[in-house]
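Structure first, commentary second.
See below:
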């Protein structure tokens, strides 16, 4: 089965995010009020061949742990769906 | 006998020749080690130089850590061989797990290229043995991701075990504890963001990098 995976990598709670702060500080200057807690991450999308969704998810989780994130400062959320 | 220093080269390394010239000037033999080969020869010490290994894609050091040469360097380090990671090399050492913590984007989001003042905090390491505690060193930095970050527990462990070697006098990048350089528990693996190899000649404005690299060559000789 082909699966589409999306990994959203973000900085862990409590880790300073200078990019997020800079964006947040810019928002009132542009006239947007009430924007807070801006965090910048990255999303990584790929297709994966796997027997079923469970094994696909396990593979992506391992890929995150070993490569796509640095667990010292980042964590990730994983979305998986069957490819068209 | 003069030690042989291996300097690893990744696609995107750009400080390997500076490192070679600096340690040659101090009397060492040098050998460039291509990242794609697990063969690191009979080197007495290893420098992981600055640059942008693999374009710093994903995260600095994230791809470099899987290079065949890195496996050999991890073995070399585990056997007690002296290893120094400078700038991008420090990032690679944290990614490969030889040093704790991570290097985040600078707090001011600026690429910093300037000479900074470092304070020697510990002389108990392969990079600082020939310096003195409290001495100021003027050494350039050249990085975007040099903001040393770790858990409180790790920071306490570094502090309590004398593993913080160099701190910034005027913290330029937001590093926790003003950390510029640390070592591993066994004290034979050191990572630092500043570039001692660029402060080894009067023409470069400072020779304060010399005692650091001399310490390294001394330990490689031992």
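Chains as they are written, first to last, in our numbering: chain A, 1 to 84; chain B, 85 to 306.
Where a beta carbon is used, it is the ideal one built from N, C-alpha and C, also for glycine.
Uninterrupted beta strand (DSSP E) stretches at least 3 residues long and entirely within the region 233-260 of chain B occur at 248-252, given in chain order. About 5 Å separates the Cβ atoms of residue 102 of chain B and residue 281 of chain B, confirming a contact at the 8 Å cut-off.
For residue 150 of chain B, a Cβ of chain A is located within less than 9 Å of the residue's own Cβ. In this structure, A:75 is the residue among A:51, A:75, A:32, A:54 with its C-alpha nearest to the C-alpha of residue 44 of chain A. Between residue 157 of chain B and residue 130 of chain B, the gap from beta carbon to beta carbon is short of 9 Å. Chain order gives the chain A residues near residue 193 of chain B as 18, 19, 22, where near means a beta carbon separation below 7 Å. Straight-line measurement puts the Cα of residue 62 of chain A at about 31 Å from the Cα of residue 271 of chain B. The residue among A:50, A:42, A:21 with its C-alpha nearest the C-alpha of residue 4 of chain A is A:50. Residue contact check for residue 72 of chain A against chain B: a CB pair falls below 9 Å.
Chain A places no beta carbon closer than 9 Å to that of residue 134 of chain B, leaving this residue out of the contacts. By the neighbour-count criterion, in which 16 or more other beta carbons inside 10 Å mark a residue as buried, residue 262 of chain B falls on the buried side. Counting C-beta pairs closer than 8 Å gives three or more between the region 196-210 of chain B and the region 220-238 of chain B, which meets the contact rule. Contacts with chain B at 9 Å (Cβ-Cβ) do not include residue 78 of chain A.
A straight line joining the alpha-carbon of residue 125 of chain B with that of residue 265 of chain B spans about 27 Å. Comparing alpha carbon positions, the residue from B:105, B:138, B:112, B:108 closest to residue 305 of chain B is B:112.
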